[in-house]
Amino acid sequence: MPVLTGFSHENHRLACDGIPLDDLAAAHGTPLYVYSAALLRARYTALDEAFGARPHAIHYALKANSALAIARLLCELGAAADANSAGEIDVALRAGFAAGQIVFTGVGKTRAELERAIALGVRAINAESAGELTRIDAIAGAAGSRARVALRVNPDIDAGTHPHISTGLHVNKFGVSLDEAHEIFASLARWPHLSIVAIHMHVGSQVTSLEPIGRAGAVMVDTVRGLRARGVALEYVDMGGGLGISYDGACVPGPAAYVAALVEALRPIDDLPIVIEPGRAIVGPAGALLATVVDVKVRRHADREQRFVVLDAGMTELMRPALYGAFHRIEALEERSGELVSTDVVGPSCESTDVVGTERSLPPLQVGDRVAIRDAGAYGFAMASNYLRRPLPAEVLVDGDRTRVIRRRQTVEDLLALEA
Ligand SMILES: *Cc1c(COP(=O)(O)O)cnc(C)c1O
Numbered sequence: 009m010p011v012l013t014g015f016s017h018e019n020h021r022l023a024c025d026g027i028p029l030d031d032l033a034a035a036h037g038t039p040l041y042v043y044s045a046a047l048l049r050a051r052y053t054a055l056d057e058a059f060g061a062r063p064h065a066i067h068y069a070l071k072a073n074s075a076l077a078i079a080r081l082l083c084e085l086g087a088a089a090d091a092n093s094a095g096e097i098d099v100a101l102r103a104g105f106a107a108g109q110i111v112f113t114g115v116g117k118t119r120a121e122l123e124r125a126i127a128l129g130v131r132a133i134n135a136e137s138a139g140e141l142t143r144i145d146a147i148a149g150a151a152g153s154r155a156r157v158a159l160r161v162n163p164d165i166d167a168g169t170h171p172h173i174s175t176g177l178h179v180n181k182f183g184v185s186l187d188e189a190h191e192i193f194a195s196l197a198r199w200p201h202l203s204i205v206a207i208h209m210h211v212g213s214q215v216t217s218l219e220p221i222g223r224a225g226a227v228m229v230d231t232v233r234g235l236r237a238r239g240v241a242l243e244y245v246d247m248g249g250g251l252g253i254s255y256d257g258a259c260v261p262g263p264a265a266y267v268a269a270l271v272e273a274l275r276p277i278d279d280l281p282i283v284i285e286p287g288r289a290i291v292g293p294a295g296a297l298l299a300t301v302v303d304v305k306v307r308r309h310a311d312r313e314q315r316f317v318v319l320d321a322g323m324t325e326l327m328r329p330a331l332y333g334a335f336h337r338i339e340a341l342e343e344r345s346g347e348l349v350s351t352d353v354v355g356p357s358c359e360s361t362d363v364v365g366t367e368r369s370l371p372p373l374q375v376g377d378r379v380a381i382r383d384a385g386a387y388g389f390a391m392a393s394n395y396l397r398r399p400l401p402a403e404v405l406v407d408g409d410r411t412r413v414i415r416r417r418q419t420v421e422d423l424l425a426l427e428a
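Here's what the structure looks like:
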């Protein structure tokens, strides 16, 4: 028996862990998100095992995909959690994570969110500014407690990723500059009700070069040494998330190379455990969005024909192409005979940006055919919207020979239930 993990072609059909996707689409309708539990486990385990004996913790970034069943699966594997809002903290608790396993990140945490995080006693609040330190200190003081804080330092490093998802540059809104960090370290007495337990950095998302990782690590080592010189003892260092995946089949560093680069860069401070906050690298390749062709039209230009294939899924279900011009592979679920034709695959919304992929070589798809939009497990469902009153799609998890609906399709009644 071959070990089947993830999405592959079998007998001319695209399958998830051996289960034909066309069967899932027929049973559950489209648009439909399908996840492979085996691939989720494999991707988490690859990161975890790459650390070897080096003390570490993997705080799964819930913002990539916070489906309860997926969060629970990762919790059971031994992951910890990275939450970006009070809502994600609640999902983490519901999924089984202890408060002490949650780090709370976010550029604009509200007072209510900070109060909740402090009352719960999360592992750390990843603080973004001196102003936020002051607010955390006041809340902890009023509650008669001491807040655990990791200061987010912006290392001013170009992660070489898309401008909309790079975060570690001086011009980005995230964290405090290195200069400001040193001012903060020099005046920690200003905040008597908090403990700095870690330094936090996150250089960006979809990082596909190890070079920025090495440079961020070097900045981390310097920062930790500076703090030690002041007598501040840290519990760990948090290098954030950001490991990229290959959306187009090009070669990118895998978990082993990424972790090796981190461990190497942080060798001078190898007494401190390493925390990472990966989202995309764990869940991205483990999900696909299935859609059905609802219309085909051919536009004749002077020099060529343009073929549009309109799907029943688009930017409302998967926003990444419209938001970042992101590339996702598009594959027919059933192999079709006929020559490949250049095809613009588009969504149904009345927005010109609602394009899933342009100039793709695809079989001559017909109305009713189904396709998979690959590597949609991260920032797919999590960013879906109800624009045009489109109900959120259903999600199924394939786990061995069991397929489970982990979220039923939303209905218009669900939407209207909230309205006067
Ligand atoms: C977005 C984000 C992550 C997760 O990023 P991925 O690219 O999905 O790994 C982790 N930490 C922070 C602070 C983030 O903003």
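Per our numbering, the sequence shown starts with residue 9, numbered consecutively.
All C-beta atoms in this analysis are idealised placements derived from N, C-alpha and C, irrespective of residue type, glycine included.
For a quick check, are the C-beta atoms of residue i and residue j less than 9 Å apart?
i           : j           : result
residue 125 : residue 105 : no
residue 75  : residue 290 : no
residue 68  : residue 50  : no
residue 286 : residue 245 : no
residue 42  : residue 403 : yes
residue 308 : residue 338 : no
residue 82  : residue 48  : yes
residue 59  : residue 215 : no
residue 355 : residue 313 : no
residue 137 : residue 164 : no
residue 385 : residue 295 : yes
residue 55  : residue 284 : yes
residue 399 : residue 419 : yes
residue 228 : residue 273 : yes
residue 236 : residue 293 : no
residue 144 : residue 135 : yes
residue 120 : residue 103 : no
residue 425 : residue 170 : no
residue 315 : residue 36  : no
residue 45  : residue 405 : yes
residue 62  : residue 278 : yes
residue 249 : residue 213 : yes
Considering only the alpha carbon of each residue, which of the options lies closest to residue i?
i           : options            : result
residue 39  : 56, 379, 136, 340  : 379
residue 247 : 113, 373, 143      : 113
residue 23  : 230, 142, 139, 297 : 297
residue 264 : 275, 423, 251      : 251
residue 150 : 200, 132, 164, 191 : 200
residue 392 : 72, 63, 242        : 72
residue 190 : 167, 161, 202, 213 : 161
residue 328 : 389, 405, 188, 101 : 389
residue 238 : 196, 293, 180, 25  : 196
residue 142 : 366, 198, 236, 31  : 198
residue 408 : 26, 233, 148       : 26
residue 117 : 63, 182, 254       : 182
residue 17  : 256, 410, 343, 366 : 343
residue 188 : 213, 139, 172      : 139
residue 194 : 219, 217, 231      : 231
residue 133 : 353, 14, 92        : 92
residue 397 : 192, 366, 427      : 427
residue 152 : 353, 260, 202      : 202
residue 317 : 370, 13, 266       : 370
residue 359 : 387, 345, 233, 395 : 395
residue 349 : 108, 361, 366      : 366
With respect to 8 Å, is the separation between the Cβ of residue i and the closest non-hydrogen atom of ligand 3 below this value?
i           : result
residue 264 : As presented, the structure is devoid of ligand 3, carrying ligand 1 as its sole ligands.
If I'm right that residue i touches residue j with Cβ under 8 Å, what's the distance once you round it to whole angstroms?
i           : j           : result
residue 226 : residue 211 : Wrong, their Cβ atoms sit about 12 Å apart, outside the cutoff.
residue 130 : residue 115 : Not quite, the Cβ-Cβ distance comes to about 17 Å (not below 8 Å), so this is no contact.
residue 306 : residue 373 : Actually they are not in contact, since the Cβ atoms of residue 306 and residue 373 sit about 12 Å apart, beyond 8 Å.
residue 128 : residue 341 : So it is not a contact: roughly 44 Å between Cβ atoms.
residue 301 : residue 375 : 5 Å
residue 32  : residue 411 : 7 Å
residue 172 : residue 255 : Contact doesn't hold; Cβ gap of about 15 Å is too wide.
residue 87  : residue 52  : 6 Å
residue 288 : residue 387 : 7 Å
Legend entry - the stretch 150 to 159 touching the stretch 202 to 212, judged by at least three CB pairs closer than 8 Å: The stretch 150 to 159 vs the stretch 202 to 212: in contact.
Legend entry - For review: beta carbons within less than 5 Å of any heavy atom in ligand 1: Matched residues: 69, 72, 113, 210, 213, 248, 249, 250, 285, 286, 287, 288.
Legend entry - Segment contact, 8 Å Cβ cut-off, at least three pairs: the stretch 118 to 135 with the stretch 306 to 321: Touching, no.
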